[in-house]
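In terms of this note's numbering, the sequence shown opens at residue 1333 and continues consecutively.
Think of the CB as a built atom: it goes at the ideal place given N, C-alpha and C, for glycine as much as any other residue.
Quantities reported herein were computed from a predicted structural model and do not represent experimental measurements.
Shown next, in structure tokens, is the structure this report addresses.
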Amino acid sequence: MKYKKELDDLAIFGGAPVFDYELHVGGPNIGERARLLRRINDILERRWLTNRGRYVQELEEKITNLIGVKHCIAMCNATIALEIAIRALDLKGEVIIPSMTFVATAHALQWQEITPVFCDIDPETLCIDPMQVERLITPRTTGIIGVHLFGQTCDVEALQEIAKKRGLRLLFDAAHAFFCSREDKMVGSFGHAEVFSFHATKFINTLEGGAVLTNDDVLAEKIRLMKNFGFKGLDNVIFLGTNGKMNEISAAMGLTLLESLDELVDINKRNYELYRQFLSDIPGISVRDYNYNEKCNFQYIVLNVDQDITGFSRDDLLKILRAENVLARRYFYPGCHRMEPYRSYNPNSYLLLPHTERLNQQLMQLPTGTAIGPSEIEKICHIIKMCVQNSEALRKLLESKHEMIEITNTIEI
Ligand code: T4K
1333 MKYKKELDDL
1343 AIFGGAPVFD
1353 YELHVGGPNI
1363 GERARLLRRI
1373 NDILERRWLT
1383 NRGRYVQELE
1393 EKITNLIGVK
1403 HCIAMCNATI
1413 ALEIAIRALD
1423 LKGEVIIPSM
1433 TFVATAHALQ
1443 WQEITPVFCD
1453 IDPETLCIDP
1463 MQVERLITPR
1473 TTGIIGVHLF
1483 GQTCDVEALQ
1493 EIAKKRGLRL
1503 LFDAAHAFFC
1513 SREDKMVGSF
1523 GHAEVFSFHA
1533 TKFINTLEGG
1543 AVLTNDDVLA
1553 EKIRLMKNFG
1563 FKGLDNVIFL
1573 GTNGKMNEIS
1583 AAMGLTLLES
1593 LDELVDINKR
1603 NYELYRQFLS
1613 DIPGISVRDY
1623 NYNEKCNFQY
1633 IVLNVDQDIT
1643 GFSRDDLLKI
1653 LRAENVLARR
1663 YFYPGCHRME
1673 PYRSYNPNSY
1683 LLLPHTERLN
1693 QQLMQLPTGT
1703 AIGPSEIEKI
1713 CHIIKMCVQN
1723 SEALRKLLES
1733 KHEMIEITNT
1743 IEI
């Protein structure tokens, strides 16, 4: 690893990449390997692999205690968890969701022939804008799904008020917000239900996994049965269900990572503070804030690139970094409303989404997590700084070498 001194040294213009290995945004946390392997050996010894085994039950209990919620139902992934929660809540017709989210939020509805109605975000929080939610309600609306994007919480109180006033169900996609809080209350306990993702790239992972959390006893029972084909007892199926079960090895991974929770937060927080420090006072570049008054997992480093000031675009910077093996991402470009099938259903929906449209051109995520250390962060920031400090020359180089970049840059963004 070496520092780049001038623009010509950048890998996008033919220099050697600053890293000879890839740095990922979602590099998985692994936790105490020996403990995980002990648990896996125990699973194999006991030959109990799935169907609400001992470790799944232990994981559910640990999460309910940590969050302060009555029920946690572990599942095979958050997409299925969303689908089951949506069905158990009896959502139909139209459901209002932000377009600025992973496409799974929309797909979980559309898969069940429910129309996701895309709402704009509050640019401060990147979460669904309650004022616009009110305007999008029609006689067909049955619910709202808020997404606590990048660990920032939605305006839960405003959404709760709207849902109550208009008789709507309120679900939260909390895939990014495990171990985050709002006004000292842990995410997982809001609305009628909340859904976590424990995918490999998430703060706490179970390889693949997810969970529905709720304080509603009746809803919890329904969800438990639905995720096991609708079986109530050995031979008695009481309604339509599916297979949403988490397996024991996944639960073992989750339990092992929960034992390192504080350490994982500390590493993410250290990385966030380093990025903030190295990227402070760079015109046009800012790392989005986390609120220190709340619990937070600091899982995402969200960078805002304002092209009017930097002179180059977010996508230029993505290409530059990716050529250096810094595999930054542009979540959630281009917005669900511009993805299929939603784009074909409603080609003009972008007209109602000005903040989503603008921020989808400006935001990107930088590598963090346990696989990244301070010296790597310093080098990443050094490249960004060098680009901004030489933005005019950079723009000219990008223009003059456009063809060469298009041909040699095989890295897709
Ligand atoms: N709601 C929201 C708001 C979500 O963000 C998500 C998922 C969901 C719902 C649905 O949850 P799940 O059904 O997945 O539980 C990834 C994840 O697949 C997805 O879980 C996640 N959100 C989304 C934000 O990111 P991709 O297509 O970006 O994944 P991929 O394979 O490009 O991986 C991301 C980075 O992580 C890469 O740089 C490679 C690295 N990586 C990935 C894996 C799987 C590793 O280093 N090791 C690994 O094992 O979607």
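Closest Cα partner of residue i within the set the options
| i | options | result |
| --- | --- | --- |
| glutamine 1631 | Ala1413, Glu1595, Asp1640, Val1637 | Glu1595 |
| phenylalanine 1297 | Lys1534, Arg1501, Tyr1387 | Any answer about residue 1297 is impossible in this case: the structure gives the chain only from 1333 up to 1745. |
| leucine 1606 | Pro1615, Gly1616, Asp1621 | Asp1621 |
| leucine 1423 | Gln1609, Asp1598, Leu1503 | Leu1503 |
| isoleucine 1806 | Leu1458, Cys1459, Glu1415, Asp1516 | The requested residue 1806 does not occur in the structure, where the chain is confined to residues 1333 to 1745. |
Nearest-angstrom Cα separation, counted from residue j out to residue i
| i | j | result |
| --- | --- | --- |
| leucine 1557 | lysine 1336 | 57 Å |
| serine 1612 | isoleucine 1555 | 46 Å |
| phenylalanine 1644 | glutamine 1464 | 32 Å |
| glycine 1425 | aspartate 1452 | 20 Å |
| leucine 1368 | arginine 1467 | 49 Å |
| tryptophan 1443 | proline 1673 | 11 Å |
| asparagine 1741 | isoleucine 1344 | Confidence at asparagine 1741 is low in this model, with a pLDDT of 49, below 50, so the placement of that residue is unreliable and no value is reported for it. |
| tyrosine 1665 | glutamine 1693 | 7 Å |
| threonine 1470 | isoleucine 1428 | 10 Å |
| serine 1723 | threonine 1642 | 6 Å |
| leucine 1391 | asparagine 1625 | 27 Å |
| alanine 1495 | isoleucine 1476 | 8 Å |
| arginine 1379 | isoleucine 1581 | 11 Å |
| glutamate 1540 | arginine 1365 | 18 Å |
| valine 1435 | cysteine 1668 | 6 Å |
| valine 1388 | isoleucine 1395 | 11 Å |
| glycine 1310 | aspartate 1352 | Within the shown structure, residues of the chain are numbered from 1333 to 1745, placing residue 1310 beyond reach of any answer. |
| serine 1732 | leucine 1726 | 10 Å |
| asparagine 1285 | leucine 1650 | Look at the range of the chain in this structure, 1333 to 1745, and you will see that residue 1285 is not part of it. |
| threonine 1382 | lysine 1559 | 13 Å |
Buried versus exposed call for residue i [16 or more other C-beta atoms within 10 Å across all chains shown]
| i | result |
| --- | --- |
| methionine 1333 | Here the model assigns methionine 1333 a pLDDT of 49, short of 50, so the residue's position is not dependable, and the following value carries that caveat. It is exposed - the Cβ of methionine 1333 has fewer than 16 other Cβ atoms within 10 Å. |
| proline 1455 | exposed |
| isoleucine 1739 | Only weak support exists for where isoleucine 1739 lies, its pLDDT of 49 falling under 50; the coordinates are left without a value. |
| serine 1513 | buried |
| valine 1350 | buried |
| leucine 1683 | exposed |
| glycine 1346 | exposed |
| histidine 1734 | exposed |
CB of residue i within 9 Å of CB of residue j, strictly
| i | j | result |
| --- | --- | --- |
| histidine 1508 | phenylalanine 1530 | no |
| methionine 1696 | alanine 1660 | yes |
| cysteine 1404 | glycine 1576 | no |
| isoleucine 1652 | aspartate 1638 | no |
| glycine 1363 | alanine 1583 | no |
| isoleucine 1536 | leucine 1572 | no |
| leucine 1545 | isoleucine 1399 | yes |
| asparagine 1629 | valine 1597 | yes |
| alanine 1525 | alanine 1420 | yes |
| alanine 1413 | phenylalanine 1528 | yes |
Residue i: CB within 8 Å of a non-hydrogen atom of the ligand ZN
| i | result |
| --- | --- |
| alanine 1348 | Of the ligands this structure carries, namely the ligand T4K, none is the ligand ZN. |
Any heavy atom of the ligand T4K nearer than 6 Å to the CB - residues listed: His1356, Val1357, Gly1358, Gly1359, Pro1360, Asn1409, Ala1410, Thr1411, Thr1433, Phe1434, Ala1436, Thr1437, Val1479, Asp1505, Ala1507, His1508, Ser1529, His1531, Ala1532, Thr1533, Gly1542, Leu1659, Tyr1663
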